[in-house]
């Protein structure tokens with residue numbers, strides 16, 4: 082038995098030495114990653130763990146008490162939480178497919194153009210992405226203004242009565258959804274264009290020889306090869322939609338009533354207005370698992386073979 086144990090130990094030591102040599106070889110890369118890793122641990126990992134811990138407490142600034150599952154029970158009994166969940170779900174279900182599909186269509190129209198035209202449209206569609214959402218929300222709030230907003234001005238052209246877009250429950254959430262849909266999904270367009278550029282021309286040439294037209298080449302070659310990009314964009318958009326916050330706080334504050342209340346805005350109010358930090362932490366943990374569940378489902382639905 083001893084020779085077997087010695088051989089096993091030798092294999093383990095050999096693997097460890099190889100790993101150590103590889104780390105020494107690439108130490109400069111690890112040094113470059115170190116600042117990012119420190120920031121990740123300090124501002125993401127530790128707060129996430131801390132939120133999970135205080136979700137089981139009646140947390141107060143000066144002293145806390147163990148609450149067990151009370152905060153989670155309170156969440157599932159909260160009508161406000163399920164109202165916010167419904168609003169967030171509707172926002173996500175409408176905006177994510179629209180943004181991803183529109184990005185795909187726009188990228189498909191831009192890709193055949195020359196390099197100069199492509200560069201122009203890349204910059205034009207990506208510009209809203211780098212613009213602060215606070216500024217974008219302020220502009221759209223003006224556009225929705227009842228007295229002098231752009232949308233009511235257009236309605237006036239057609240002899241229609243002005244609409245209180247953000248001031249009535251029936252239209253407020255849809256006004257935010259329309260805003261999110263009409264803001265170009267710059268990240269998606271850029272990613273799709275990059276993915277289209279990496280597809281080998283020989284595939285299209287072979288399809289042309291076989292008599293395929295432009296739509297058939299797009300549908301049978303381009304679209305399937307864009308599946309990894311689509312998966313990434315759907316996941317990215319879903320996470321972003323479930324975390325929508327800036328538009329809400331800048332344009333409606335969750336109102337009128339709870340018509341535009343979303344999960345992140347509700348968590349913010351619970352923690353920083355009502356100072357129920359344990360309750361807010363429990364809501365955030367549940368939101369995390371909701372996003373995780375949707376991500377797993379989408380990954381399985383859109384998974385691809387390498």
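In our numbering, the protein residues as written are 82 to 387.
Idealized CB from N, CA, C, for every residue including glycine.
Note that the coordinates shown come from a computational prediction; the quantities given were computed from them, not determined experimentally.
Buried or exposed (CB count within 10 angstroms, at least 16 for buried), residue i
| i | result |
| --- | --- |
| residue 63 | With the chain covering 82 to 387 only, the question about residue 63 has no answer from this structure. |
| residue 335 | buried |
| residue 364 | buried |
| residue 82 | With a pLDDT of 48 at residue 82, under the threshold of 50, the predicted position of this residue should be treated as unreliable, and no value is reported. |
| residue 195 | exposed |
| residue 152 | buried |
| residue 50 | As displayed, the chain neither begins before 82 nor continues past 387, which places residue 50 out of reach and without an answer. |
| residue 310 | buried |
| residue 92 | Unreliable placement is indicated for residue 92, whose pLDDT of 46 sits below 50; the coordinate value is still reported in the next sentence. Exposed, because fewer than 16 other Cβ atoms sit within 10 Å of the Cβ of residue 92. |
| residue 276 | buried |
| residue 240 | exposed |
| residue 221 | buried |
| residue 283 | exposed |
| residue 215 | exposed |
| residue 126 | exposed |
| residue 231 | exposed |
In DSSP terms, what residue i is bridged to
| i | result |
| --- | --- |
| residue 139 | 146 |
Cβ-Cβ distance between residue i and residue j below 8 Å
| i | j | result |
| --- | --- | --- |
| residue 161 | residue 339 | yes |
| residue 267 | residue 323 | no |
| residue 344 | residue 173 | no |
| residue 318 | residue 177 | yes |
| residue 314 | residue 188 | no |
| residue 349 | residue 326 | yes |
| residue 306 | residue 280 | yes |
| residue 132 | residue 366 | yes |
| residue 254 | residue 197 | no |
Assumed close pair residue i, residue j - CB separation to whole angstroms, cut-off 8 Å
| i | j | result |
| --- | --- | --- |
| residue 165 | residue 374 | Incorrect: roughly 17 Å between the Cβ atoms, too far for contact. |
| residue 225 | residue 247 | 5 Å |
| residue 274 | residue 203 | 7 Å |
| residue 341 | residue 329 | 6 Å |
| residue 209 | residue 265 | 5 Å |
| residue 304 | residue 376 | No, residue 304 and residue 376 are not in contact; Cβ-Cβ is about 22 Å, not under 8 Å. |
| residue 356 | residue 312 | Contact doesn't hold; Cβ gap of about 40 Å is too wide. |
Given residue i as reference, the closest of the options once Cα atoms are compared
| i | options | result |
| --- | --- | --- |
| residue 154 | 167, 146, 144, 137 | 137 |
| residue 244 | 316, 233, 117, 250 | 233 |
| residue 146 | 292, 134, 316 | 134 |
| residue 260 | 139, 180, 378, 141 | 180 |
| residue 250 | 333, 378, 159 | 333 |
| residue 141 | 381, 359, 283 | 359 |
| residue 252 | 378, 337, 236, 295 | 337 |
Short CB-CB distance (under 8 Å) between residue i and chain D
| i | result |
| --- | --- |
| residue 144 | No chain D appears in the structure shown, which is made up of a single protein chain. |
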